[in-house]
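Colleague: To start, I am sharing the structure in question, which I have written as structure tokens.
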Amino acid sequence: MTAHAPTKTADRKHDHHPLPVHLVGSLPRPLCEDPATAMEWFLRHRGTAALTALPSDRDPRWIVDWLTHHMSTVPSLEQVRGGESRGYDDMPYYRVRPGQRLCSEEIGLSRVEQAEAAFAALDRLRITGNGDAPRVQVGIPNALDLAVFAFGSIDAAREWLPTMQTAVVHEVTELVARWGDRLQLQLETPAVLVAYHLTPPQSWPALTADLSRQVAGVLAAAPRTRWVLHLCYGDLEHVPVFTPTDLKPAVRFLNALADVLAERNTPMPTVHLPVASGDDAPPTDPAFYDDLRHLRRGVEVIAGVVAEEHPEETREALRLTAEALGAPP
Numbered sequence: 009m010t011a012h013a014p015t016k017t018a019d020r021k022h023d024h025h026p027l028p029v030h031l032v033g034s035l036p037r038p039l040c041e042d043p044a045t046a047m048e049w050f051l052r053h054r055g056t057a058a059l060t061a062l063p064s065d066r067d068p069r070w071i072v073d074w075l076t077h078h079m080s081t082v083p084s085l086e087q088v089r090g091g092e093s094r095g096y097d098d099m100p101y102y103r104v105r106p107g108q109r110l111c112s113e114e115i116g117l118s119r120v121e122q123a124e125a126a127f128a129a130l131d132r133l134r135i136t137g138n139g140d141a142p143r144v145q146v147g148i149p150n151a152l153d154l155a156v157f158a159f160g161s162i163d164a165a166r167e168w169l170p171t172m173q174t175a176v177v178h179e180v181t182e183l184v185a186r187w188g189d190r191l192q193l194q195l196e197t198p199a200v201l202v203a204y205h206l207t208p209p210q211s212w213p214a215l216t217a218d219l220s221r222q223v224a225g226v227l228a229a230a231p232r233t234r235w236v237l238h239l240c241y242g243d244l245e246h247v248p249v250f251t252p253t254d255l256k257p258a259v260r261f262l263n264a265l266a267d268v269l270a271e272r273n274t275p276m277p278t279v280h281l282p283v284a285s286g287d288d289a290p291p292t293d294p295a296f297y298d299d300l301r302h303l304r305r306g307v308e309v310i311a312g313v314v315a316e317e318h319p320e321e322t323r324e325a326l327r328l329t330a331e332a333l334g335a336p337p
């Protein structure tokens, strides 16, 4: 789980109400196999804390099944490399067969079906306490990430990114049409920060423009829906793709995204900002957090600082994050 540390804005200056907890990660089997069991576990263990939403994703390795089982059945694709998905260099990827085209209807995200099961489970639970029933959080894989996973690299993904974008936007609009404000959508994208890691800094301006437009296109598909943008460094087998040295790429991307969304009259989502990664303790060097001082004012930040084996470093990382943002911890 992560601590929710918003930036200081005028309307929050005197707000001392406890902030909700945003749940990140997954439950082990068998808890994750049934949505009602998972939701009940979250509710039972939250104590008196409010939650931003109840996660509904059942399979922590869904991307592996999607790559290995679903994509291998798509007629227009042929496998370039196999793999057991036990590491980033052991994942299968594909290419489109010569003379054929990949259609967005073939992508098979199944988010609507999963949400339907989650809402049915929530309706069966007895929710105690005041207030409305919690929202259901549905994870939305970013189109760029799907394209990178499917085709093996950012360069190879470019040709079919529009097809993936169409598939993701369709899922989002279907979800919102059915469940509206009972939803919290979480757009999940390790590929954004990985792209910065793989790109020389002199090329960051063009990269930032491309990334911000692509992500804004997904968010703008449901502008009145509550969104969380989940940035991360990857976590396959609990191992990040890379270990960050600062937060400069994240801040650069988020500021650009805020500008693009403002042009489209679309609200900026709350942002899960990754600090901790893998099994490591979060950084406690204040210099790591310096770039947060340049984050656009008013961007709501969920501080991804929690490392359960490193409680002292977690507390210090939260303090440093809040200090850099100009917000109380």
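Take 9 as the starting number for the sequence shown in the working numbering and just add one per residue. C-beta atoms are modelled at their ideal positions from N, C-alpha and C, and glycine is treated no differently.
(1) Just how far apart, CA to CA, sit Leu255 and Gly107?
(2) For Tyr241, which of helix, strand or coil comes out of DSSP?
(3) Once you ignore the five residues that flank Ala266 on each side, which residues in its own chain have a CB closer than 6 Å to its CB?
(4) Taking the alpha-carbon positions, what's the Val104 to Ser84 distance?
(5) Assign His205 to one of three DSSP states: helix, strand, or coil.
(6) Per DSSP, what are the beta-bridge partners of Trp168 in this structure?
(7) Could you tell me whether the Cβ atoms of Leu110 and Thr207 are closer together than 9 Å?
(8) Name the one or two DSSP bridge partners that Tyr101 has.
(9) Under 6 Å Cβ to Cβ from Cys240, same chain only, skipping five residues before and after it: list those, please.
(10) Suppose the cutoff is 6 Å on Cβ atoms and the five residues either side in sequence are ignored; what does the same chain contact list for Asn263 look like?
(11) Taking only three categories from DSSP, how would you classify Leu269?
(12) Using alpha carbons as the reference points, say which of Thr56, Val156, Pro63 lies closest to Leu35.
(13) Does the distance from the C-beta atom of Leu146 to that of Gln194 stay below 9 Å?
(14) Counting only the same chain and skipping the five closest in sequence on each side, list residues whose C-beta sits under 6 Å from that of Ala155.
(15) On the criterion of 16 or more Cβ atoms from any shown chain inside 10 Å, does Asp293 qualify as buried, or is it exposed?
(16) Suppose the cutoff is 8 Å on Cβ atoms and the five residues either side in sequence are ignored; what does the same chain contact list for Ser112 look like?
(17) May I have a chain-ordered list of the alpha helix (DSSP H) segments no shorter than 4 residues that lie completely inside the region 107-163?
(18) Could you work out which residue in His238, His318, Pro231, Ala151 is closest to Asp218 when comparing CA atoms only?
(19) Quick one: Cα of Thr56 to Cα of Gly188, how far?
(20) Would you say Val200 lies against chain D (beta-carbon separation less than 9 Å)?
(21) Identify, in the order they occur along the chain, each residue of the same chain with its Cβ nearer than 8 Å to the Cβ of Asp153, setting aside the five sequence neighbours on each side.
(22) When you compare only the Cα positions, how much space is there between Met99 and Gly90?
(23) Relative to the alpha-carbon of Gly334, which residue among Phe250, Asp299, Pro291 has its alpha-carbon at the smallest distance?
(24) Need the endpoints of the alpha helix (DSSP H) that Thr45 sits in, please.
(25) Within the region 174-235, note down every full beta strand (DSSP E) run reaching 3 residues or more, in order along the chain.
(26) Starting from the Cα of Val223, find the closest Cα among Val180, Ser93, Trp74, Thr329 and give me that residue.
(27) One question on the structure: do Tyr102 and Val247 come within less than 9 Å of each other, judged by their Cβ atoms?
(28) Out of curiosity, what's the CA-to-CA distance linking Glu317 and Leu39?
(29) Label Trp235 either buried or exposed according to how many other C-beta atoms from any shown protein chain fall within 10 Å of its C-beta, with 16 as the threshold for buried.
Modeller: In short, the structure shows the following:
(1) 43 Å
(2) coil
(3) Met276, Arg304
(4) 6 Å
(5) helix
(6) DSSP, once it has assigned bridges, lists no residue as partnering Trp168.
(7) no
(8) Arg89
(9) Pro198, Pro282
(10) Arg304
(11) helix
(12) Pro63
(13) Checking the sequence shown, residue 146 turns out to be Val, not Leu. Yes, the Cβ-Cβ distance between Val146 and Gln194 is below 9 Å.
(14) Ala165, Trp168, Leu169, Met172
(15) exposed
(16) Thr171, Met172, Thr174, Ala175, His178
(17) 119-132, 151-159
(18) Ala151
(19) 27 Å
(20) Here chain D cannot be found, since the structure has a single protein chain.
(21) Glu196, Thr197, Pro198, Ala199
(22) 7 Å
(23) Asp299
(24) 43-53
(25) 191-197
(26) Val180
(27) no
(28) 22 Å
(29) buried
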